[in-house]
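Residue numbers (this note's numbering): 12 to 164.
Taking it in order: structure first as structure tokens, then the write-up.
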């Protein structure tokens, strides 16, 4: 098999690792949502999350079916492409942060020598955008720090 080169094997293993990490993150999110719904159902004495199916497990299936058949509604005066791609970009940046976390010495998606720097850079990206409130606060703080006269003792 001449087409199965070591480089192709490395690429396929990286894709497999990324898919496994994606499935773990999505599954953890589903179980956290399930736990939250059960707890809120217990507090509010609701039938669905705690009594439908075995231990309320059918409520999660019903929610998934409902979300699958929901209508994709876009507000009237918005850009459809940006409105659709915004959640995809947000979720992708979340998964990029998980890509550098080493699960074991041989189980890492992206073996970056600057992994911690990449993680901090992804976290700081939110603070440097001009639109975000945190970015405005950071920019204003820098401006005031430069413009303020030094204290005289």
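Cβ coordinates follow ideal geometry from the N, Cα and C atoms, glycine included.
Note that the structure is a prediction, hence the values are computed from the model and not measured.
Helix, strand or coil for residue 25 per DSSP? For the purposes of this step, residue 25 is identified with residue 14 of the chain shown, where counting begins at 1. Note: residue 25 maps to helix in three-state DSSP.
Helix, strand or coil for residue 13, going by three-state DSSP, please let me know. For the purposes of this step, residue 13 is identified with residue 2 of the chain shown, where counting begins at 1. Coil, per DSSP.
Whose C-beta lies closer than 6 angstroms to the C-beta of residue 51 among residues of the same chain, with five residues either side of it excluded? Along the chain shown, one-based indexing puts residue 51 at 40. Around residue 51: no qualifying Cβ.
Limits of the unbroken alpha helix (DSSP H) element including residue 60: Working through the chain shown from its first residue, we reach residue 60 at position 49. Residues 59-62.
Under 8 angstroms by Cβ, that's how I've got residue 85 and residue 91 pegged, so tell me the actual separation to the nearest angstrom. Within the chain shown, the letter at position 74 stands for residue 85. Within the chain shown, the letter at position 80 stands for residue 91. Their Cβ separation, rounded to whole angstroms, is 5 angstroms, which keeps residue 85 and residue 91 in contact under 8 angstroms.
Alpha carbons only, please: which of 94, 67 and 88 is nearest the one belonging to residue 42? As a first step, residue 42 must be located in the chain shown, where it is residue number 31. Nearest C-alpha to residue 42: 67.
Taking all protein chains shown into account, decide if residue 49 is buried (16 or more other Cβ within 10 angstroms of its Cβ) or exposed. Stepping through the chain shown from its first residue, residue 49 is reached at position 38. Answer is buried; the Cβ neighbour count reaches 16.
Quick check on residue 155: buried or exposed, where buried means 16 or more other Cβ atoms within 10 Å of its Cβ? To locate residue 155, count along the chain shown from 1; it is residue 144. Residue placement at residue 155 is flagged as unreliable, the pLDDT there being 49, under the threshold of 50; the coordinate-derived value follows with that caveat. Exposed, by the Cβ-count rule.
Is any beta-carbon of chain D found at less than 8 angstroms from that of residue 100? In the structure shown, chain D does not exist; there is a single protein chain.
Are the stretch 63-81 and the stretch 99-113 touching, with three or more C-beta to C-beta distances below 8 angstroms? no
Classify residue 115 as helix, strand or coil using the three-state DSSP reduction. On the chain shown, position 104 is the one that residue 115 refers to. Strand, per DSSP.
Just the Cα atoms here: how many angstroms apart are residue 106 and residue 117? Your numbering for residue 106 matches position 95 in the chain shown. Your numbering for residue 117 matches position 106 in the chain shown. For residue 106 and residue 117, the distance between alpha carbons rounds to 19 angstroms.
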